[in-house]
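Residue numbers (my numbering): 67 to 272. We treat Cβ as the ideally placed atom computed from N, Cα and C, and that holds for glycine. All figures in this text were calculated on a predicted structure; none of them were measured in a lab.
Structure (structure tokens):
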């Protein structure tokens, strides 16, 4: 039995605050997770944020695979909670996830990505965690999530800093701008600017 469980809500990724915030989140969140004794990832999947063919969920899965490179070894720790689903849609959640998995099974090369999506399908086959947030008591859900047998025990070794695809592109673009500025300054013998830009590149790398 766990003496204490802390529920932490992470910021969203690839939000409207720009790549700088996304990069900070990708580093800061992981550093926080790495200091924990154990971690249970709870993936919230909102009805209004599904997207076409679960595109938004699939993007989230890409991010999770970057955070945990060997994610298929830790799927037993994951839980998936579906929020804001109309009552008449809850019974079709498993079929929706299963069909999405089947549509990418052959073309998708990333083993971790396939494994995580398959795990969502497997977990929703018998039981779907889709509470009515206004009516249902949280005790049953919290009791299930706090099962100490289903936690990642060594988060400092499991979780890795990451960048989303959009943020990676933004960082690469910034590096190219720095390189162009350095070459331009060097041609005009502005060595102080060269030194400043080189220092900025070193800081960006670290």
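Identified DSSP bridge partners for residue i
i: residue 145; result: 108
i: residue 218; result: 105
Sequence-distant residues of its chain with Cβ nearer than 8 Å to residue i (five each side left out)
i: residue 97; result: 227
i: residue 114; result: 150
Alpha helix (DSSP H) segment containing residue i, residue limits
i: residue 121; result: 121–133
i: residue 191; result: 177–192
i: residue 196; result: Taken as a continuous stretch (DSSP letters only), residue 196 belongs to no alpha helix (DSSP H), as it is neither H nor E.
i: residue 207; result: 204–211
Beta-carbon gap between residue i and residue j smaller than 8 Å
i: residue 104; j: residue 217; result: yes
i: residue 119; j: residue 166; result: yes
i: residue 244; j: residue 267; result: yes
Beta-carbon proximity list for residue i, same chain, < 7 Å, skipping 5 on both sides
i: residue 140; result: 134, 218 and 224
Within-8 Å CB hit, residue i to chain D
i: residue 114; result: The structure shown contains no chain D; it holds only a single protein chain.
Same chain, Cβ closer than 6 Å to residue i, neighbours up to 5 away in sequence not counted
i: residue 160; result: 190 and 191
i: residue 178; result: 131, 137 and 138
task: Count the CB pairs spanning the stretch 139–150 and the stretch 169–176 that are closer than 8 Å, and state whether there are at least three.
output: no
task: Check whether the stretch 146–157 touches the stretch 192–210, taking contact to mean three or more Cβ pairs, one atom from each stretch, closer than 8 Å.
output: yes
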